[in-house]
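Contents: one structure, followed by commentary.
Residue numbers (our numbering), protein chains in the order written: chain E, -7 to 487; chain S, 541 to 868.
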C-alpha cells in the first residue's frame, strides 16, 4: 500500500483505462463482466483511498512522466475532485453489479465484451477529467468519455436510441469544441495550459476581453454537456433509450463531471482574476436555474414514460446544483456540491429500481405498472425510498442538500426568500410526479399478472443504493465535510 | 511573401468551406471537404507546423474522405430537405463567429517573438529536449514525452472510436467474413479497370515504405505514429479498393486488426507502467535504461510504435466495418 500511495492519482485513471483494451480482446461475456466490475471496484477503492489522503493532507499532486508543471502534465486532487471521484466510481460499480442481469437481456452476448470495454473507457475518461490539473488534458479525457458514452447509450436493443445518440453526439461535440476554443484563447494570451499557472498568468496579462470571450465559450460548451437548461434537449431521449444500467451510471454522474469542469474553470480561473465575472456568472446562471427547476419539473409531471420522467427530473435537479453555485457563497457552493453527491444517490437508486422493474415490465410507462407493487414489493419499496430522497424528506440524503440550499438562500437576502419559495414549490412538484408512480403501482388496477420480483443479483445493488440514501441522510458528515472544503477550494479561501 | 501566400490559401479555404455548406449533393460535399483539408494542410505547412500538416493531409484529406464515402455508400448522397430553422442557425453561427473574432482582437501579432506562447514554456522545451532527450524534433519530444499523457489519451480516443464502430456496425450484421463482398462470379474492387489497378498496385509498396519512414523518422523529422498509421492504413485501403475487400482481409484478417487495436494501446501503456515499476512516475521514460537520455529515446520509439499500430488497426477496422455492409 505504501509503495502504491504516491501513484494513487495515476492509478485512478490508468486502472480502468488499461483494462479496456484487455476486455476488448476477451470473447467470453461473463469473464469480461467480471474483469470490468473488478476494475471498477478497484477504481472505487482508489477513490476512497484518495479521499482519505485529501481529508488528511489536503491537495495531492502527481507529475506525469516526472516532468514539472506547467511544462509537463500534472494531476492534482483536492476535495472537489475527491467528492466527484467517489460519485463516479461508486455509481459505475453499482451499475455494473446490477448490469450482470439487466444487460444480459439488453445486449447480445457476443457484443458485450466491446460494450464493457466502452464502459471502462467512459469511466476512465470521467476519472481523467476529475484528476487532471491541465486544461487541455481535460479536453482529451472529455473526448474519451464522450465517445464511449455515445457507444454505451446506443448499446441497447431500442433502435430509437440511435437518433437520440446522434443528437447527443452532435451537441456534445459542439460543447467540447467550444471548450477547446476557450482553452485556445487562454493559451494564446497566457502561453500555458496548467490551471494553476493560468490563474497566475491571467492576472499578469491585465486585459479582460479575451478572457471574457474564453469564459463565454467554456461556459456555453460545458453547459451543453452538463444539460443546463435550455441546452438540455439531448438529455431526455438519450437517458430514455439507453440500456437501463447505462442510465443509472450517467444519471448519477456524467453531467456532473461537466458541471465540475464548468465550476472549476469559472471559479478558480476566471472569477478570481477577471473583474466582475462573478456577478456575470450569477446573472447568467440564476434565472436559468430557476427556469430549469420549474419547467423541467412541470414536464416531468405530465410525462408517462418512466425513464423520460426521471430524465426530466434530472434536468430540474441540475438546476438546483447550478442554483447553489450561482449564489457565489461558501454556503451556496457547499449546497451545490453536496447536491451533486446526494442527487447521484437518489437518482442512482431510482434508476436502479426502474432497471428492476424492467426485468418484468416490457414498457416502462406509468399505465403499464398498475398494481405492480403487490408482485414486486422490494422493487417498489426501493423506488419509494429513492423517491423520498429525491423529494428531500428528512432522514434521507436528499433532505440534507435541500436543507443546505435553503440555508444558503437565506443568506442571499430578498432574492433568497423568492428562491426558497421556488425550492419549496418544486419539491411539491417532485411529490406530484413521484406520487403518481407510487399511486399507480400500489393502488392501481393490476395491469400485469406475469410480473415476478426482480432477481437478487439486481435487487441487492438497488438496496445498497437505497441504504446509502438513508445512511447519508442520518450521517451526512463525510459529504458535508468534503463539500464545504471543496467550496472553499473553489472560492480560493481554503487549501 | 508567406503572408501573401497564406492569405491566398485562407481565402480559398473560406470559399471551399462555403461551398461545402452549400453543396446539396453529399458526394460533392465530401470531395470539397477533402480539398478543404488539403488547403488546411498547406496552411499548416506554411506556418512551419510540418507534423500537423502531415497529419491533416493523411487523415483529413485521405482517410476521412474514404470513410465519408463508405458512409454515403450505405445511405444516400442526397441531402435531406433543409431544416426550417436555417435563419436561426445562421444567426447563431454569426454570433459565434463574432465572438471568436472579438476573442482574438487583442492577440499578439503574427510571429511576435514576445508572444506569451513563445516566451513561457517554449524555451524550456527547446532547452530540455536538447539536454535530456537529444533528438532534433522538439515537437516529437513534446508530444511523446513532456505531454506523453495527452498523447496516451489521444491513442485511447482512437481506440474508443474503433471499439465504438466495431460495436455498432462491426459484428452483429450476422455475416461471416467469407460471405462479405459481392456475390460469386462478380469481380470485386476495381479488378476490371486495368489501368487504375496497375498504377495503383505499383503505388502500394511505396506508400507503405513512406509510412514506415514517417514512423521511424519521427524523432528526426516531421512524422510519428499518428501520421504513419494513417499512411500505412491508406496503402492497405488502396489495395482493398483495387483488389476487393476480401483480398485485403486475407492480408490482415479481422482478428489481427482487433489485436492491433488493443495491442498498440497496451504497448504504449506498458511503457508507462514499466516506468512506474522501475521507480519513476507513470510515463517516465528516463528510468527505463541506465542512461536517462537513452531511456527517453527508447521510450519514445516504443510508444510511437504503439500509436502507429493502434491507428492502423482502428482505421482499417472502421474501413472494413463500412465495406462489409455496403459496396465500395
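Beta carbons are placed, not taken as given, at the ideal position from N, Cα and C, and that holds for glycine.
**Request:** Could you check which residue in S:674, S:612, S:806, S:773 has the C-alpha nearest to that of residue 834 (chain S)?
**Result:** S:674
**Cα-Cα separation between residue 388 (chain E) and residue 419 (chain E), rounded to whole angstroms** = 14 Å
**Counted within 10 angstroms of its Cβ, other Cβ atoms place residue 285 (chain E) as buried (16 or more) or exposed** = buried
**Request:** Name, in chain order, the residues that DSSP records as bridge partners for residue 124 (chain E).
**Result:** E:67
**Request:** Would you mind sorting residue 634 (chain S) into buried or exposed? The rule is 16 or more other CB atoms within 10 Å of its CB.
**Result:** exposed
**For residue 565 (chain S), three-class secondary structure by DSSP** = strand
**Item:** Closest by C-alpha distance to residue 236 (chain E), when choosing among E:369, E:82, E:348
**Value:** E:348
**Asked** If you draw a straight line from the C-alpha of residue 174 (chain E) to the C-alpha of residue 733 (chain S), how long is it?
**Response** 50 Å
**Item:** Cα-Cα separation, residue 483 (chain E) to residue 319 (chain E)
**Value:** 12 Å
**Prompt:** Hey, out of S:581, S:736, S:816, S:752, whose CA is closest to residue 779 (chain S)'s CA?
**Reply:** S:736
**Request:** Residues of the stretch 794 to 812 of chain S with a CB closer than 9 Å to any CB of chain E: list them in chain order, please.
**Result:** 798, 799, 801, 802, 803, 804, 805, 806, 809, 810, 812
**Request:** Can you grab the Cα-Cα spacing for the pair residue 326 (chain E) / residue 369 (chain E), in whole Å?
**Result:** 36 Å
**Prompt:** Where residue 700 (chain S) and residue 543 (chain S) are concerned, what is the direct C-alpha to C-alpha distance, given to the nearest angstrom?
**Reply:** Distance between the alpha carbons of residue 700 (chain S) and residue 543 (chain S) is about 39 Å.
**Asked** Tell me which same chain residues have a C-beta within less than 6 Å of the C-beta of residue 351 (chain E), skipping the five on either side of it?
**Response** 446
**Asked** Who are the Cβ neighbours of residue 838 (chain S) in its own chain at under 8 Å, not counting the five residues just before and after it?
**Response** 825, 828, 829
**Prompt:** Alpha carbon to alpha carbon, how far is residue 476 (chain E) from residue 271 (chain E)?
**Reply:** 22 Å
**Proximity below 7 Å, CB of residue 342 (chain E) to CB of residue 378 (chain E)** = yes
**Request:** Please decide whether residue 696 (chain S) counts as near chain E, where near means a Cβ-Cβ distance under 7 Å.
**Result:** Chain E, which has a Cβ nearer than 7 Å to the Cβ of residue 696 (chain S), makes this yes.
**Asked** Does residue 570 (chain S) get closer than 7 Å to chain E when you measure Cβ to Cβ?
**Response** no
**Message:** I'd like to know if the stretch 677 to 685 of chain S and the stretch 737 to 755 of chain S are in contact, where contact means that at least 3 CB-CB pairs between them fall below 8 Å.
**Reply:** Between the stretch 677 to 685 of chain S and the stretch 737 to 755 of chain S, the count of Cβ pairs shorter than 8 Å is below three; the stretches do not touch.
**Item:** Residue-chain proximity (residue 149 (chain E), chain S), Cβ-Cβ < 7 Å
**Value:** no
**Asked** Which two residues bound the contiguous beta strand (DSSP E) that contains residue 52 (chain E)?
**Response** Annotation for residue 52 (chain E): the continuous beta strand (DSSP E) segment containing it runs 52 to 55.
**Asked** What residues in the stretch 93 to 112 of chain E bring their beta carbon closer than 9 Å to a beta carbon of chain S?
**Response** Flagged, chain order: 100, 102, 103, 106, 107, 109, 110.
**Message:** My output table needs one value for residue 677 (chain S): the three-state DSSP class, helix, strand or coil.
**Reply:** coil
**Item:** Straight-line gap, residue 283 (chain E) to residue 416 (chain E) (C-alpha atoms, nearest Å)
**Value:** 14 Å
**Message:** Just verifying my parser: in three-state terms, what is the DSSP assignment at residue 357 (chain E)?
**Reply:** strand
**Request:** Flag this pair as yes or no: are the beta carbons of residue 593 (chain S) and residue 601 (chain S) separated by less than 7 Å?
**Result:** No, these two residues do not count as a Cβ contact at 7 Å.
**Message:** For residue 152 (chain E), count the other beta carbons within 10 Å of its own beta carbon; 16 or more makes it buried, fewer makes it exposed. Which is it?
**Reply:** exposed
**Message:** Tell me which residue opens and which closes the alpha helix (DSSP H) that residue 318 (chain E) is part of.
**Reply:** 298 to 318
**Request:** Report the neighbours of residue 135 (chain E) on chain S: residues whose CB is nearer than 7 Å to its CB, in chain order.
**Result:** 697
**Request:** Compute the Euclidean distance between the alpha carbons of residue 468 (chain E) and residue 392 (chain E), then round it to the nearest angstrom.
**Result:** 7 Å
**Euclidean distance between Cα positions of residue 313 (chain E) and residue 807 (chain S)** = 41 Å
**Request:** Have a look at E:291, E:92, E:398 and flag the residue whose alpha-carbon is nearest the alpha-carbon of residue 321 (chain E).
**Result:** Out of E:291, E:92, E:398, E:398 has the C-alpha closest to the C-alpha of residue 321 (chain E).
**Request:** Residues of the stretch 163 to 188 of chain E with a CB closer than 7 Å to any CB of chain S: list them in chain order, please.
**Result:** Residues of the stretch 163 to 188 of chain E with a Cβ closer than 7 Å to any Cβ of chain S, in chain order: 173, 177, 179, 180, 181, 182, 183, 184.
**Prompt:** Between residue 323 (chain E) and residue 394 (chain E), what straight-line distance do the alpha-carbon atoms span, to the nearest angstrom?
**Reply:** The alpha-carbon separation between residue 323 (chain E) and residue 394 (chain E) amounts to approximately 12 Å.
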